[in-house]
Amino acid sequence: MADTRQHTVLPGFGLTVGYTTFFLSAVVLIPLAAMVIKASSMSIGQFMAVLLDPRVIASYKLTFGTSLLAALINSVFGFIIAWSLVRYDFPGRKFLDALIDMPFALPTAVSGIALTAVFAQDGWLGQQLARMGIQVVYTWLGITVALTLIGMPFVVRSVQPALAEVQRDLEDAAETLGATRFTVFWRIIFPTVLPALLTGFTMAFARGIGEYGSVIFIAGNLPMKTEITPLLIVIKLEQYDYVGAAALGCIMLGMSFFMLLSINLLQAWGRRRLFVGKR
Amino acid sequence: MSSGPSRQLLSELASRPGRNSLADKLIRWMFISLSVVFLSALLISPLMMVLTSAFAKGMAVYARSFLDEDTFAAIKLTLTIALIVVPLNTVFGIAAAWAIAKFEFRGKSILITAIDLPIAVSPIISGLIYILLFGSQGWFGLWLQEHDISIIFALPGMLLATMFVTFPYVARELIPLMQQLGNDEEEAAITMGAGGLMTFIRVTLPKIRWGLVYGMILTNARAMGEFGAVSVVSGHIRGLTNTMPLHIEILYNEYDYVGAFAVASLLMALAIITLLIKTVIEWRGLRG
Amino acid sequence: MLRTVCLSLLFLAFLSACSAGTATDVKSVQLLNVSYDPTRELYRDVNERFSKQWLDKTGQHVSIKQSHGGSGSQARAVIEGLRADVVTLALGYDIDAIHKRGKKLGADWQTRLPDNSSPYTSTIVFLVRKGNPKGIHDWDDLIRSDVKVVTPNPKTSGGARWNYLAAWGYVLERELQGDWSKLSDPAAAGQVAAAQIKAEQFVAALYRNAPVLDRAARAATNTFAQRGIGDVLIAWENEALLAIKELDGQGLELVAPSSSILAEPPVAIVDTVVDRKGTRQIAEAYLQYLYSDAGQELVAEHHFRPRNAAVMTQHQSEFPAIRLFTISQVFGNWQQAQAEHFADGGRFDHIYTVPKS
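Just so you know, the protein sequences line up as chains Z, W and P, in that order. Okay, so the first sequence: first residue is 1 according to this note's numbering, each after it adds one. Okay, so the second sequence: first residue is 280 according to this note's numbering, each after it adds one. Okay, so the third sequence: first residue is 568 according to this note's numbering, each after it adds one.
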């Protein structure tokens, strides 16, 4: 199989690869390079000083911690939602399915304002939570809530098609052979869905790290406590410190790139293994 | 993408042995209620909040907020941006998906990652990079100034920023789909003498159209709703460079809460309309 | 094929978009006023009246476009190429930056118009909830442990910097018994140093009472009024008066501290832009209009303190009596205040990075 793909008769390789690289460079790569070059006007020492500033480190912890937590919550609930949408029919299913994409369409500032209103102490849900002694807005919890909302579609939408594709004959065969439902889930369904889940998780995680618009309303923005890394970039810009802002931008860019690359390599590896296995 | 369980599938599920056991019902009940609770708290309650605020002072005030000249200009600008960005990114997405799904080549994973990158890049950075390129002190700043060309703080800059942010969505939808569909049919068509473009239109396109439509819908939704990146390059000139999301923030800051959430509800409505179109097309497609 | 279609589309899009140029003809002209957040309502009225007056006088239609945002980021946009004919910002530091970093206007901008180029002033006051339940009357009440203070982030908001400096100045004034000359008197150096330490502790205590630092002044007002967070909002006087009017259902009340800072939001013409567009004359007339009797009247109507003594006397009752000190009395100038207090590693950062002693 792998051989035929290399010697395919299909045309358009040069055209499409060329066009893709050209357009990609023009819109994405060259502008990003401008930022990297801007940051490289610093010495290594200055660069490290920006990156290792205690406030910046506190912001990494917050940004990565809340993004990770939000992505984990999304993996669990995203799977449950995708499962319900794909495998069950219930009233309002189509409606819920259509709503999943809403966080894409809603401006992040609106999501931020609306979430803050709902979870504030006098808000619909905030009231209930406050009674239990939980404060959501202006804490790391609020940031997590915002990031969960922003990342949710990524997980649901990547798991949905994968779940729909799980080979049912395999499930049936296993059940006929006496496997318990748990075994079927664990040995057949879970491995099939895992790559998609992992992709969704990574996308939600990566998106969370960069998110600004919605978080800024619900975060509180207290230095060392609820200050996210993108806000620090904005603060550097306010002081006309373009180089410092670019340096922080580069480190975030590097981390995003690394995460996405590892997930893509993992998937490429998985696909190859699958093809070899089929042979 | 996935249109949920089809009728056959559901009946098939129901006919399986042991599918109606108590445990099964319990799990089903639990999954559905967990989904509903989670989505209600996180998604539906903020949406409801937007709607109740928009209609807080009644229908008349809601309707009146769209009569404002600046609001109208913002809606027009947003639609213009979406109208230009969506086709451009669609063509790109198709080309990228063809290149990546149909051929094996070195550095493919890196190419895919580079395409994905805009999703992960902070909107602040996506705005900043264009400032660094086209701002007065940027690489092309002086040249642009001498030739009286505005890129940032004008439509071109906002187009670029929107394009950046919505760049991956079509490609991301199509790549896995085309990979999974394989090359056999296209190869057969080519071998039988069909041209490349013909093969694509006749063989590939019908197979990928749902993915394509969904990718375009996502691109459109993101293009209309983008706030952060566009905010950096817009200049916020009322009636000229304010998109709907930026105008929402302005209205909110002017204590015009009804106006702000009315515009937000319009964005929601646009999203729902596009999703409805998707459902209708899909439904027709399944029948036809 | 695809490529040609696409490239030509892209090219066309660019061409049509780029041509949004700067053409000015005699019959109509467009001005862009880049301003900060709290002036939206003021300039909406000013623009309307001015265009009318200009049309009557010259027969030329002028349409004045507005851009509002945080003062600092607006200045940055102008430096980066936003073609503002005039800037009307929150603090001189931001216009200085347009001169220093953007080279878009002369160093002498502040002396070109009367009153330090500030046609109106304001000050910093408190906004409390109906009936003032926490009994907040002066700055000292803000550091009480039972009071939650809402103020924006001085790193991102110009207004917030005025808030911070007002609190700082209040303590200095108290410690130095109101004698500002001691600040430059070597004999009083010891007393001044002690006063500065007191001020630093006071401001630190104040920010420890802040549960949230919003990005901008308006965002802070919304947090306080809409979200119901905090017991007191530190705000511009004009913002506070406007919020009381706009959000009258909330029963917000203004509390004037015994002393506060005189905020002088400056205005200036952006030389490079008006010269290129040929709009200098009208831009100058526009800024001059702010100083005219009609302009000053509008200023007062929008709760800014007018410079014109006659107009001010007329509106005296609307503005609370507060002892005012200026930034040059207490902090030298904006450059120094910015470097000492708000730059990275400055005194504001210390509040959060240095553990409470």
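For every residue, glycine included, the Cβ atom is placed at its ideal position computed from N, Cα and C.
The segment 105-120 of chain Z makes no contact with the segment 66-74 of chain Z, as fewer than three CB pairs between them are under 8 angstroms. Under the three-state reduction of DSSP, A835 (chain P) is assigned to strand. A Cβ-Cβ separation of about 11 angstroms leaves L525 (chain W) out of contact with V511 (chain W) under the 8 angstroms criterion.
Restricting attention to alpha helix (DSSP H) runs no shorter than 4 residues, the segment 680-759 of chain P encloses them at 681-684, 725-742, ordered along the chain. When only Cα atoms are considered, S332 (chain W) and G725 (chain P) end up about 30 angstroms apart.
Sequence-ordered contacts of the segment 898-923 of chain P with chain Z read Q905, F909, A910, D911, G912, F915, D916, I918, Y919, T920 [C-beta pairs closer than 9 angstroms]. Rounded to whole angstroms, A543 (chain W) and T441 (chain W) show a C-alpha spacing of 18 angstroms. Taking 7 angstroms as the threshold, the shortest C-beta distance from G514 (chain W) to chain P falls below it. Under the three-pair Cβ rule at 8 angstroms, the segment 238-249 of chain Z counts as touching the segment 39-56 of chain Z. If you look at S595 (chain P), you'll find it in the beta strand (DSSP E) that goes 595-603.
By the CB criterion at 7 angstroms, D682 (chain P) and R874 (chain P) fall inside the cutoff. A residue is called buried once 16 or more other Cβ atoms fall within 10 Å of its Cβ, and I363 (chain W) is buried on that count. In this chain, K632 (chain P) is not harboured by any alpha helix (DSSP H); it is covered by the beta strand (DSSP E) spanning 628-636. Under the three-state reduction of DSSP, F892 (chain P) is assigned to strand.
Within the segment 21-109 of chain Z, the runs of alpha helix (DSSP H) that reach at least 4 residues and sit entirely inside it are, in chain order, 30-39, 44-51, 54-87, 93-99, 102-105. At the C-beta level, D101 (chain Z) and P153 (chain Z) come within 7 angstroms of one another. By the 16-neighbour rule on beta-carbons within 10 angstroms, F190 (chain Z) is exposed. Measuring C-alpha to C-alpha distances from E615 (chain P) to each of P:A906, P:L857, P:R650 identifies P:L857 as the nearest. About 5 angstroms separates the CB atoms of P719 (chain P) and A784 (chain P); that is less than 8 angstroms, so the two are in contact.
Here T690 (chain P) is buried. Its C-beta has 16 or more other C-beta atoms within 10 Å. For V136 (chain Z), no beta strand (DSSP E) run applies, since DSSP gives it neither H nor E. For M132 (chain Z), the number of other beta carbons within 10 angstroms of its own is below 16, and it is reported as exposed. DSSP places E820 (chain P) within a strand segment (E or B) once states are collapsed to three.
Near chain Z, meaning a CB-to-CB distance below 7 angstroms, no residue of the segment 337-365 of chain W qualifies. Of P:I836, P:E804, P:A674, P:K722, the smallest CA-CA separation from T788 (chain P) is found for P:E804. Contact annotation: the segment 491-508 of chain W touches the segment 402-422 of chain W, with at least three C-beta pairs closer than 8 angstroms.
For the 7 angstroms CB-CB criterion, V184 (chain Z) and E165 (chain Z) do not form a contact.
Here V738 (chain P) is near F769 (chain P), since their CB atoms are less than 7 angstroms apart.
Here G270 (chain Z) has P195 as same chain residues with Cβ atoms under 6 angstroms from its own Cβ, once five neighbours each way along the sequence are excluded.
Here the C-alpha atom of Q416 (chain W) lies approximately 48 angstroms from the C-alpha atom of I134 (chain Z). For G636 (chain P), no CB of chain Z lies under 7 angstroms from its own CB, so it is not counted at the interface with that chain. The Cβ of N720 (chain P) sits closer than 7 angstroms to at least one Cβ of chain Z. Its chain contains I918 as the residues whose beta carbon lies nearer than 7 angstroms to that of Y774 (chain P), once the 5 sequence neighbours on both sides are disregarded; these appear in chain order. Residue Z:L197 holds the alpha-carbon nearest to the alpha-carbon of I263 (chain Z) among Z:W140, Z:L197, Z:Q239, Z:K61. Here W418 (chain W) carries a coil assignment [DSSP, helix/strand/coil].
Take the alpha-carbon of E647 (chain P) and the one of L658 (chain P): they are about 19 angstroms apart.
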